[in-house]
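Mapped onto the numbering used here, the consecutive letters of the sequence shown carry residue numbers 1 to 414. Think of the CB as a built atom: it goes at the ideal place given N, C-alpha and C, for glycine as much as any other residue. Accompanying notes for the structure given below.
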Amino acid sequence: MALKIDDLPGAIRQAKKELRAALPNYREVFAEVEAAIIAEAKRIAAQRDRGEDVIPEIQFSDITAQRVTPDQIALVKARGACVIRQVFPRALVQGWDQDIARYVETNNLDKHLENRAEDKYFGQLASSKPQIYGVYWSKPQVLARQSESLTAARVFLNKLWRNESDGRVHFDPEHVPVYADRLRRRPPGSASLGLSAHCDGGSVERWIESNFRKVYRHVFAGNWRHYDAFDAAFRTDVEEIASPAVCSMFRTFQGWTALTPQGPGDGTLQLVPIANSMVYILLRALQDDVAEDDLCGAMPGRALSIKPEFHAPLFEALSSIPGMEAGDTVFWHSDVIHAVEDEHKGSGYSNVMYIASVPACAKNDAYLKRQLPSFLKGESPPDFPTDHFEVDFTGRATAKDLTPLGRAQLGFDL
C-alpha cells in the first residue's frame with residue numbers, strides 16, 4: 001500500500017499537534033537528545049581527525065568462519081554501518097567492471113540517457129546527482145546479487161536486527177530477496193555531482209504515517225534511550241508515499257559493492273555513523289523554531305534532506321568511508337544519514353553496484369511480484385524512473401543466467 005496525503009500542510013500541522021500533545025515536554029527531551037548527539041558527533045570527529053577508522057570494518061572470511069566478535073557487532077550497531085572486506089575476489093570484480101563498460105558502450109547507453117525520465121527524488125538536495133546509470137539487469141549485477149558470498153554477508157547483516165517481538169516474526173533473515181538497483185560510474189575530475197546529506201526510506205511519512213510512528217514509538221513517547229534502531233517491529237508495515245526512486249521494500253541496510261578502488265577524495269560515500277541519529281531528526285522537527293506546517297524542509301516523495309540550518313550537530317560527524325578495493329562492500333542502516341562527495345579528485349573511475357541487504361517478509365514479497373515482470377522484460381523496476389533502457393539491450397541477463405538461488409531471490413517461486 002502507498003500512502004496518499006491530500007493536504008500536506010494540514011497533515012503536518014495535525015501531526016505536530018498530536019505528537020506534542022503526547023510529549024508535552026518535547027523541548028526538554030530534545031535538549032537531552034541534542035546534548036547526547038553533540039557529544040557523540042564530537043567523539044567521532046576526534047577519532048576521524050586522528051586518522052582512526054570511524055566506520056567498522058569486518059573481513060568476509062571472519063563472517064564465514066563465525067569469528068566476528070561481540071565487540072565488533074556492538075560497534076556496527078552503534079555506528080549503523082560497516083565495510084565488509086573481500087566479499088568477492090578482486091579479479092572477478094575487475095572483470096565485471098569491464099563487462100559493464102562493454103554493456104553500456106555496446107548498447108549506446110549515453111544516447112539513451114539524453115532522453116531519460118526525470119528523477120525528482122533528489123530534487124531538493126543542494127548538490128545534483130552523481131553519475132547514476134539506470135541499468136539494473138546487466139549480467140554482472142545479476143551474478144553479484146545471486147552470489148553465495150554476498151548472500152551470506154547480507155544474511156549476517158539481517159541477523160543483526162531483532163526480527164521477532166511481542167510474539168510476532170517481522171521477517172526471515174535467512175532469505176535475501178533481490179532489490180534491483182542501479183550503477184554508479186563516476187569518471188575522475190567530475191565536480192559538483194555529489195549528493196547532499198540525506199536519509200532514504202521515508203520523509204514526511206516518519207511523522208505522519210501511523211506505522212512509522214509505531215517504529216519510533218519510544219522516541220515520540222520521550223523514552224528515547226529505549227529506542228533501538230535495530231528493532232524491526234512495525235518496519236515491515238510502514239507505508240511510503242509512492243514516487244520514482246522511493247524504496248518501497250524494507251531494507252535492513254543500504255549498500256554497494258566496489259567495482260574499482262576508491263576512497264576519500266574520490267567522490268565516494270560519506271556517512272554520519274550514528275545509528276540513532278533519527279531520534280534527533282524526529283524531535284528536531286517538533287521544536288518551536290520550525291514552522292507549524294514544516295518538518296525541517298522534508299518533502300513528500302523525496303529524500304529526507306539533512307540541513308545545516310536545522311541539523312548542524314550531525315554534520316560534525318559526517319565522514320568519508322575508508323579506502324575500498326574492488327570486491328569490498330559497504331552497508332549502512334536504512335535510517336543512517338549519507339552523502340556523496342561533490343568532487344572526484346582521484347585518477348580512476350569510481351564505480352559501484354548498488355546492492356542492499358533485504359530480508360524476506362510480506363512487504364518485500366509484494367514488491368517482488370511487481371519487480372519480476374521488469375526483469376523478464378528488461379524494464380526499469382517499479383520503484384525507479386520509467387526509462388526502460390534495457391528492453392532491447394544486447395547481453396542483458398535473462399532467466400537462463402539465474403541459479404536456483406537467483407530464481408528464488410527474484411521471486412519466481414512466489
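Rounding to the nearest angstrom, what Cα-Cα distance links L19 and S357 in this structure? 32 Å
If you draw a straight line from the C-alpha of Q409 to the C-alpha of T403, how long is it? 10 Å
Buried or exposed: T257, going by 16 or more other Cβ atoms within 10 Å of its Cβ? buried
Let's see if you can read the secondary structure: which residues bound the alpha helix (DSSP H) around I37? Y26 to D49
Between I55, I12 and D401, which lies nearest to L376 when the distance is taken from Cα to Cα? D401
Strand pairing of F331, partner residues [DSSP]: C82 and G255
List the residues that DSSP assigns as beta-bridge partners of D266. H344
Are three or more beta carbon pairs between the segment 221-230 and the segment 364-372 nearer than 8 Å? no
Among V340, F315, K345 and G301, which has the Cα closest to the Cα of V385? In the sequence as presented, Val is not what sits at residue 385; that position holds Pro. Answer by Cα proximity: G301.
If L269 and V93 are in contact, beta carbons under 8 Å, what's the gap, nearest whole angstrom? Rounded, the Cβ-Cβ distance is 17 Å, inconsistent with contact.
Three-state class that DSSP yields for M422 in the structure shown: Since the first and last residues shown for the chain are 1 and 414, residue 422 lies out of range.
What I want to know is whether the C-beta of Q66 ends up closer than 7 Å to one or more non-hydrogen atoms of the ligand NAD. No copy of the ligand NAD occurs in the structure displayed, which carries no ligand at all.
By alpha-carbon positions, which one of A15, H175, R79 and D62 ends up nearest to A45? R79
Need the endpoints of the alpha helix (DSSP H) that E105 sits in, please. R90 to T106
Would you verify that the beta carbon of H218 is, or is not, closer than 8 Å to some beta carbon of chain B? Among the protein chains of the structure shown there is no chain B, as only one such chain exists.
Taking only runs that begin and end inside the segment 211-248, name each unbroken beta strand (DSSP E) of 3 or more residues, in chain order. none
Three Cβ pairs or more, each shorter than 8 Å: is that satisfied between the segment 311-324 and the segment 50-68? yes
Output the distance between the C-alpha atoms of G255 and T329, rounded to the nearest integer angstrom. 7 Å
Cβ neighbour criterion (16 or more within 10 Å) applied to A15: buried
Buried or exposed for Y121, going by 16 or more other Cβ atoms inside 10 Å? Unreliable positioning characterises Y121 in this predicted model, as indicated by a pLDDT of 49, which lies under 50. A coordinate reading is not provided.
Quick check: A424 and V272, are their CB atoms within less than 8 Å of each other? Lying outside 1 to 414, the shown extent of the chain, residue 424 is not represented and no answer is given.
Below 6 Å CB to CB, which residues in the same chain sit around V29 once its five sequence neighbours on both sides are set aside? G222
Cβ-based neighbour list, S149, same chain, cut-off 6 Å, excluding 5 preceding and 5 following: V87
So the candidates are D342, P373, F220 and R396; which of them puts its Cα closest to the Cα of A191? D342
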